[in-house]
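Participant:
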Amino acid sequence: MWKDKGIKIIILMLAALLNVGCGSNEAVAASTMNQSTEAVTTLESTEQLPMSQQPEQTLEESSTEAYVEEEKQKVDLVMVGDVLLHEKVAQSGQMPDGTWQYDHLFAQVRDEIEAADLALVNQEVILGGRELGLSGYPSFNGAYEVGDSLVNAGFDVVLHATNHALDKGRKGLLNCIHFWKEKYPQIAVLGIHETKEEADTVYVTEVNGIRIAILNYTYGTNGISLPKDMPYAVDIWNEDKIRTDMQKAKEAADFIVVCPHWGTEYKLQESKDQQQKAQFLADQGADLIIGTHPHVIEPVIWIQSASGKEVLVYYSLGNFINATSGTGQGTAARMVGAMAQVTIEMDEQNRPYISSYGVEPLVTHNVSGTGQITTYRLKDYTEEFAGQNEMRKQDPSFSLSYCQSICREVFGDLYQQ
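Okay, so the sequence shown: first residue is 607 according to my numbering, each after it adds one.
1) In terms of residues, what are the limits of the alpha helix (DSSP H) holding residue 997?
2) What three-state label does DSSP hand residue 687 in the structure shown?
3) With distances taken between CB atoms, is the gap from residue 970 to residue 927 smaller than 8 Å?
4) Would you call residue 920 buried or exposed, if buried means 16 or more other Cβ atoms sit within 10 Å of its Cβ?
5) Could you name the residues that DSSP lists as bridge partners for residue 822?
6) Taking the straight line between their C-alpha atoms, what separation do you get for residue 644 and residue 711?
7) From which residue to which residue does the beta strand (DSSP E) around residue 696 run?
8) Given residue 929, which residues of its chain have a CB within under 7 Å of its CB, disregarding the five upstream and five downstream residues?
9) Within the stretch 709-772, note down every full beta strand (DSSP E) run reaching 3 residues or more, in order along the chain.
10) Leaving aside the five residues before and after residue 809 along the sequence, list all residues of the same chain whose C-beta is less than 7 Å from its C-beta, in chain order.
11) For residue 584, which of helix, strand or coil comes out of DSSP?
12) Suppose contacts are defined by Cβ-Cβ distances below 8 Å. Is residue 740 in contact with residue 685 by that definition?
13) Under 8 Å by Cβ, that's how I've got residue 766 and residue 719 pegged, so tell me the actual separation to the nearest angstrom.
14) Helix, strand or coil for residue 872 per DSSP?
15) If the criterion is Cβ atoms closer than 8 Å, does the pair residue 862 and residue 888 meet it?
16) Can you tell me whether residue 974 is buried or exposed, with buried defined as 16 or more other CB within 10 angstroms of its CB?
17) Quick one, which of 746, 894, 999 and 903 has its alpha-carbon nearest residue 918's?
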């Protein structure tokens, strides 16, 4: 899915056209107005044509086409699952020159993330900075440079309501919040809060004329209590709070996305608890539900709300990146993740709907060394890569065909090999 960059170009060209009047410049603008995602290429090629070969079009026709293009409302949304910073992943960011960066984690899928109109990621691990010491399972802490690479990859929304949000206590939480606020104020960071006012505010963003609310909750924080003076610090699943938040979202947005951190780890099928929570969210007004936490992929289905509305549910996107130390049969499934792909449009009555959806299966290429571990689209993964994947030492069943079979089992016809 690609960003529709044609609208901005069309508006600029129309403005230029109105300033200079008709003639040869009109032909260039009119040609450009017929384009959407290919607007830039078309403009360049048209300028190289002799005037006699450029298409003729009236100002009225050009203005009409520009208006139609401007009115089109569509959002391509993508989301990936858990960025899980096991020790191997964390240490892969130390470069030979002593600097730290994690762009390699996202390099193979960055194009699709950047192309989306709205890109979400579940940042499983708190980013408390190297000053607190990088650590893996069971009490995680990640480097700020992971956040730099999330931004470089093109993510717009970072989800932090996870069971690991308080792994480094109040200090880790505040370090993470301050990093985002001070360095990347344009990035939406959901699920963790410094103030009650922030916790009571529902995030709404307008993209291509569609107002989208995004909510993020976790089932818990691994038994770690919230700071006594910050009971609002993490968005814990609470039905009363969710009802209140959903009401605010319905008043402010056209479309509501809820991202719950839920479910049972390592299960390829959603639990009854997930089903019940999904139904609750649908009944409260959610339009799209995308879940995380199980560390493996789970089914994508439609459910019906109490009012009869169809709601799309991705029960779990699995891990985006990980280097689990687990061993034995079934561990290999943790290498398989997915990118949710959803297109949202407005109908003739100005009501939002999901016009298309899908999944892009992913696989963690688990190898040691600086800047080596990364995530590929499964369709780009090879037998050679699978043979290099160090997961084979932990679970010999790992192979390219194994990853494909997991996707067929979980996604069914939605997975197109």
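C-beta atoms are modelled at their ideal positions from N, C-alpha and C, and glycine is treated no differently. Here the structure is a predicted model, which is why all the values come from computation and not from measurement.
Facilitator: Reading off the structure:
1) Position 391 of the sequence shown, counted from the first residue, corresponds to residue 997. Its alpha helix (DSSP H) spans residues 997-1000.
2) The residue labelled residue 687 in the question sits at position 81 within the sequence shown. Looking at residue 687 - three-state DSSP - the assignment turns out to be strand.
3) By 1-based counting over the sequence shown, the position of residue 970 is 364. By 1-based counting over the sequence shown, the position of residue 927 is 321. Taking 8 Å as the Cβ cut-off, residue 970 and residue 927 qualify as a contacting pair.
4) Here residue 920 refers to the residue found at position 314 when the sequence shown is read from its first residue. Buried.
5) Taking the first residue of the sequence shown as 1, we reach residue 822 at position 216. BP columns for residue 822 point to 865.
6) As a working mapping, residue 644 is identified with position 38 in the sequence shown. As a working mapping, residue 711 is identified with position 105 in the sequence shown. The predicted position of residue 644 is uncertain, since its pLDDT is 34 and thus under 50; a value taken from the coordinates is nonetheless stated next. Cα to Cα, the separation comes out at about 30 Å.
7) Residue numbering aside, residue 696 sits at position 90 when the sequence shown is read from its first letter. Segment 693-697 is the alpha helix (DSSP H) holding residue 696; no beta strand (DSSP E) there.
8) Position 323 of the sequence shown, counted from the start, is the residue given in the question as residue 929. Around residue 929: 692, 694, 695, 972 and 979.
9) 724-728 and 763-765
10) As a position in the sequence shown, residue 809 is number 203, starting the count at 1. 794, 796, 819 and 820, listed in sequence order.
11) Nothing in the structure corresponds to residue 584, since the chain is present only between 607 and 1023.
12) Residue mapping note: residue 740 aligns to position 134 of the sequence shown, counting from 1. Residue mapping note: residue 685 aligns to position 79 of the sequence shown, counting from 1. Not a contact, by the Cβ cut-off of 8 Å.
13) Position 160 of the sequence shown, counted from the first residue, corresponds to residue 766. Position 113 of the sequence shown, counted from the first residue, corresponds to residue 719. Their Cβ separation, rounded to whole angstroms, is 18 Å, which puts residue 766 and residue 719 out of contact at 8 Å.
14) For the purposes of this step, residue 872 is taken as residue 266 along the sequence shown, with counting starting at 1. The answer is coil: DSSP assigns residue 872 none of H, G, I, E or B.
15) Here residue 862 refers to the residue found at position 256 when the sequence shown is read from its first residue. Here residue 888 refers to the residue found at position 282 when the sequence shown is read from its first residue. Taking 8 Å as the Cβ cut-off, residue 862 and residue 888 do not qualify as a contacting pair.
16) Here residue 974 is taken as the residue at index 368 of the sequence shown, counted from 1. The residue is exposed, with fewer than 16 neighbouring Cβ atoms inside 10 Å.
17) Reading the sequence shown from its first residue, position 312 is the one you call residue 918. Out of 746, 894, 999 and 903, 894 has the C-alpha closest to the C-alpha of residue 918.
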